[in-house]
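Visitor: Using the working numbering, you'd call the opening residue of the sequence shown number 244 and step up by one each time.
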Amino acid sequence: MIHSQLEIYDLETRKWDTCESMPAIFEHSAASMWLSIAANTKTLYAMEQASGITCSFDPISRIWLGPFDLRHDPNIYFSVIGISGDNLIMLGLLGNSENVKDIKIWELKGESFELFTEIGAMPKELVEKLKGEHASLSSIKISLTGDVLYIYNPEEPKELVVCEIDGRRRVSRWGSLKNATVNDGGRVTERAVLTCADVSLGDLRKAMKSGKGSFSTVNNRILQ
244 MIHSQLEIYD LETRKWDTCE SMPAIFEHSA ASMWLSIAAN TKTLYAMEQA
294 SGITCSFDPI SRIWLGPFDL RHDPNIYFSV IGISGDNLIM LGLLGNSENV
344 KDIKIWELKG ESFELFTEIG AMPKELVEKL KGEHASLSSI KISLTGDVLY
394 IYNPEEPKEL VVCEIDGRRR VSRWGSLKNA TVNDGGRVTE RAVLTCADVS
444 LGDLRKAMKS GKGSFSTVNN RILQ
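(1) Alpha carbon to alpha carbon, how far is I324 from K347? Give it in angstroms, no decimals.
(2) Starting from R411, trace the alpha helix (DSSP H) both ways and give me its first and last residue.
(3) Using only the alpha-carbon positions, how far apart do Q467 and S386 sit?
(4) Use the C-beta contact count for M290: other C-beta atoms within 10 angstroms, 16 or more gives buried, fewer gives exposed.
(5) Return the residue from the list M276, I332 and T261 that minimises the CA-CA distance to S304.
(6) So what does DSSP say about S443, is it helix, strand or coil?
(7) Between which two residues does the beta strand (DSSP E) harbouring L380 extend?
(8) Can you tell me whether L351 is buried or exposed, with buried defined as 16 or more other CB within 10 angstroms of its CB?
(9) Please identify the residue among C406, F359 and L420 whose C-alpha is closest to the C-alpha of P243.
(10) So, using beta-carbon positions, are L287 and F269 closer together than 9 Å?
(11) How is the beta strand (DSSP E) around K285 delimited, first residue to last?
(12) Across the region 368-376 and the region 311-328, are there enough close Cβ pairs to call them in contact, namely three or more that are closer than 8 Å?
(13) How long is the line joining the alpha carbons of L313 and T360, rounded to whole angstroms?
(14) Give the secondary structure of S386 by DSSP, where H, G and I count as helix, E and B as strand, and everything else as coil.
(15) Figure out for me which residue from G335, F311, T388 and D345 has the closest Cα to the Cα of S355.
(16) Please go through the same chain and pick out, in chain order, the residues whose beta-carbon is closer than 6 Å to the beta-carbon of C406, but skip the five residues on each side of it.
(17) Check whether the Cβ atoms of L437 and Y395 lie closer than 9 Å to each other.
(18) Any chance the CB of L254 is under 8 Å from a heavy atom of the ligand NAD?
(19) Find out if the Cβ-Cβ distance for the pair F321, G309 is shorter than 9 Å.
(20) Grab the span of the beta strand (DSSP E) containing I371 for me, first residue to last.
Pasting the structure below:
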């Protein structure tokens with residue numbers, strides 16, 4: 244039996260410590276390509292994207308809890324998780340990869356995540372943009388900063404779908420933008436990893452002084 248070793252980095256001691264191995268339920272899917280990971284200030288969550296099985300990890304006690312089945316809807320065939328504010332959210336593809344009926348977003352609460360609240364559903368025209376030139380959609384990836392969520396198709400990353408979660412904990416706006424790492428001639432690289440963060444003017448000044456990297460400005464086309 245293969246167990247996936249977990250290490251945690253202590254910011255005070257600046258050392259890595261070995262923790263309890265990941266739950267055995269993840270023994271065949273511990274690679275990052277099979278898992279969706281989300282973390283807030285208190286807890287780390289790991290979801291198996293194909294099944295929706297999820298476990299949580301407390302970095303203080305260093306104990307794993309679960310597993311929890313987050314697939315409350317049997318029509319979900321692929322799902323990923325993220326943190327909006329301090330709340331766990333889940334995006335699910337419904338139907339099947341050849342016929343995507345919906346892409347929905349839920350907020351999850353409760354000790355066993357038994358409380359599901361649907362907070363948004365992607366407009367059909369944006370689902371088609373995610374597919375790109377492909378007839379199917381087998382998976383998605385997400386990245387969040389604050390209450391802004393970016394969604395993309397790792398097999399067709401030319402277009403990013405973006406939405407914003409408002410103060411009522413509902414998706415209030417949807418839109419799309421071009422992926423700056425993809426040009427008209429194809430991909431700049433064979434593989435790209437998307438992340439996002441709040442960037443201050445001070446951060447931009449430091450980056451520009453370094454003389455490294457490049458910058459692109461993209462209009463954020465938000466649908467009203």
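Just so it is clear, CB atoms sit at the ideal spot from N, CA and C, and this is done for glycine as well.
Guide: Looking at the atomic coordinates:
(1) 12 Å
(2) Element bounds for R411: n/a, residue is neither H nor E.
(3) Any reading at Q467 must be qualified, since the residue scores a pLDDT of 38, below 50, and its modelled position is unreliable; the value itself is stated next. Using only the alpha carbons, I get a separation of about 21 Å.
(4) buried
(5) Selected option, being the one with the closest Cα: T261.
(6) coil
(7) The continuous stretches of beta strand (DSSP E) do not include L380, and DSSP gives it neither H nor E.
(8) buried
(9) Outside the shown range of the chain, which is 244 to 467, sits residue 243, and nothing can be said about it.
(10) no
(11) Here K285 belongs to no beta strand (DSSP E), and DSSP marks it neither H nor E.
(12) no
(13) 12 Å
(14) strand
(15) F311
(16) L392, V414 and W417
(17) yes
(18) You won't find the ligand NAD in this model; it holds no ligand whatsoever.
(19) Not in contact: F321 and G309 (Cβ atoms no closer than 9 Å).
(20) The sequence shown places Glu at residue 371, not Ile. Run containing E371: none in the beta strand (DSSP E); it sits in the alpha helix (DSSP H), K367 to K374.
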